[in-house]
Amino acid sequence: MSRITSSFGWKSTAAEVAEGHDLSGRRAIVTGATSGIGIETARVLATCGAHVVVAGRDLAAADSLVAQITAAGGAAHATALDLADLRSVEAFADAEGETPLHLLINNAGIMACPFMHTEQGFEMQVGVNHLGHFHLTRLLLPALTAARGARVVSVSSSGHHWGAFDFDDPHFERTPYEPLVAYGRSKSANALFAVELDRRHRADGIRAFSVMPGGIVTKLGRHMTDDLRKQLGIDPESAAKIRWKSVEQGSATTVWAALGTELDGAGGLYLEDVNEAVPGEPGRYNGVKPWAIDPELAARLWDWSEASIDAVS
Ligand SMILES: NC(=O)c1ccc[n+]([C@@H]2O[C@H](COP(=O)([O-])OP(=O)(O)OC[C@H]3O[C@@H](n4cnc5c(N)ncnc54)[C@H](OP(=O)(O)O)[C@@H]3O)[C@@H](O)[C@H]2O)c1
């Protein structure tokens, strides 16, 4: 099948991609909408008329975005969500799972943090980036089904190049912890999750996509050290040459995944620069690796994720 493309590209902004879309009467949840590209994603969806649930663990920051959206004539409210605690995810789903949900944007993320664990004992990056969102999405399936046409966007990263999901030691219990590899694995999981979610629930009207937003200067890099930069081959000279996207450009592919009509009838795809990515492309910061879109790995990851959550429930 040929790649799905759009008239947009690297430079396009979320507002440009969203132009002409009317989301009146639709509801959207954006996780991690308290910083970086999550804020712009939520803001743009609200501009189109969606009622946006600003999901975040920093409620003051979430309230401040709600105030900004409502001051601009949009509709939004904030609900607390800490993806590092499955009980918080359940409380969020209890509060937000009763009404039809048209868009679920699983955007929150943490990158290359020191070795830490979630409340339920998962390695932090796989716990927050993947398992927290996995649990959230499954709890919200009735609301997504009730929308009779919903999309779920899983914000992944070209960081998936740094690690295929490791079913043998997913929480680094036997092998030394490597912050960038852990991030890579969790971002591979984000892409695989979209593949299997789409396969399982397309008959319920739920389509799923994963997204590489681009390189954007946000708080995501808060744990990056000189040593980790060196591991990525980034020295001060090469760092100065990196072409970053703005936050407005960095949220464009997410908004396309949520709204793009070119994607109608499709699902399970990994998108970047507002187009479907090229499979197997060897670029350092582009293309999708086979281990992030393999249907068998995706099915295996789903079973592993269910079992992981059942074990601590
Ligand atoms: N920036 C890039 O270059 C880039 C590249 C590729 C992919 N991405 C992906 O894009 C997404 C958004 O990243 P960003 O660049 O906008 O980073 P950011 O500015 O650090 O925003 C991340 C968001 O995730 C939230 N978050 C972190 N841990 C959480 C938890 N336990 N529970 C709930 N929310 C949590 C953060 O909340 P707090 O503010 O409370 O920490 C924040 O709202 C991430 O999934 C990231 O992997 C970014």
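Here the working numbering is used: the first residue of the sequence shown is 1433, the next is one more, and so on. Where a beta carbon is used, it is the ideal one built from N, C-alpha and C, also for glycine.
Looking at residue j and residue i, is the spacing between their C-beta atoms short of 7 angstroms?
{"i": "residue 1720", "j": "residue 1702", "result": "yes"}
{"i": "residue 1463", "j": "residue 1683", "result": "no"}
{"i": "residue 1586", "j": "residue 1626", "result": "yes"}
{"i": "residue 1489", "j": "residue 1514", "result": "yes"}
{"i": "residue 1630", "j": "residue 1564", "result": "no"}
{"i": "residue 1494", "j": "residue 1466", "result": "yes"}
{"i": "residue 1458", "j": "residue 1487", "result": "no"}
{"i": "residue 1484", "j": "residue 1510", "result": "no"}
Can residue i be considered in contact with ligand 1, in the sense that its beta carbon sits closer than 6 angstroms to one or more heavy atoms?
{"i": "residue 1716", "result": "no"}
{"i": "residue 1443", "result": "no"}
{"i": "residue 1650", "result": "yes"}
{"i": "residue 1539", "result": "yes"}
{"i": "residue 1514", "result": "yes"}
{"i": "residue 1511", "result": "no"}
{"i": "residue 1645", "result": "yes"}
{"i": "residue 1560", "result": "yes"}
{"i": "residue 1468", "result": "yes"}
{"i": "residue 1617", "result": "no"}
{"i": "residue 1587", "result": "yes"}
Name the DSSP beta bridge partners of residue i, please?
{"i": "residue 1642", "result": "1586 and 1702"}
{"i": "residue 1536", "result": "1461 and 1584"}
{"i": "residue 1677", "result": "1648"}
{"i": "residue 1509", "result": "1485"}
{"i": "residue 1707", "result": "1704"}
{"i": "residue 1720", "result": "1711"}
{"i": "residue 1603", "result": "Its beta-bridge partners do not exist; DSSP assigns none."}
Beta-carbon within less than 8 angstroms of residue i's beta-carbon, same chain only, minus the 5 sequence neighbours each way: which residues are those?
{"i": "residue 1623", "result": "1586, 1588, 1592, 1642, 1702, 1720, 1724 and 1725"}
{"i": "residue 1437", "result": "1694, 1707 and 1708"}
{"i": "residue 1671", "result": "1661"}
{"i": "residue 1523", "result": "1512"}
Can you list, in chain order, the residues of its chain with a C-beta nearer than 6 angstroms to that of residue i? Leave out the 5 residues immediately preceding and following it.
{"i": "residue 1506", "result": "1478"}
{"i": "residue 1567", "result": "1518, 1521 and 1741"}
{"i": "residue 1470", "result": "1462, 1464 and 1539"}
{"i": "residue 1744", "result": "1552"}
Looking only at its chain, what residues have a beta carbon closer than 7 angstroms to the beta carbon of residue i, apart from the 5 residues adjacent to it on each side?
{"i": "residue 1618", "result": "1557, 1558, 1561 and 1562"}
{"i": "residue 1734", "result": "1628"}
{"i": "residue 1613", "result": "1594 and 1595"}
Any beta carbon from chain C within less than 7 angstroms of residue i's own beta carbon?
{"i": "residue 1696", "result": "This model lacks chain C altogether, as it is built from one protein chain only."}
Taking 8 angstroms as the threshold, find out whether the stretch 1565-1579 comes into contact with the stretch 1531-1538 through three or more Cβ pairs. yes
Count Cβ pairs between the stretch 1654-1668 and the stretch 1444-1458 that sit closer than 8 angstroms; are there 3 or more? no
If you pair each beta-carbon of the stretch 1491-1509 with each one of the stretch 1536-1547, do three or more pairs fall below 8 angstroms? no
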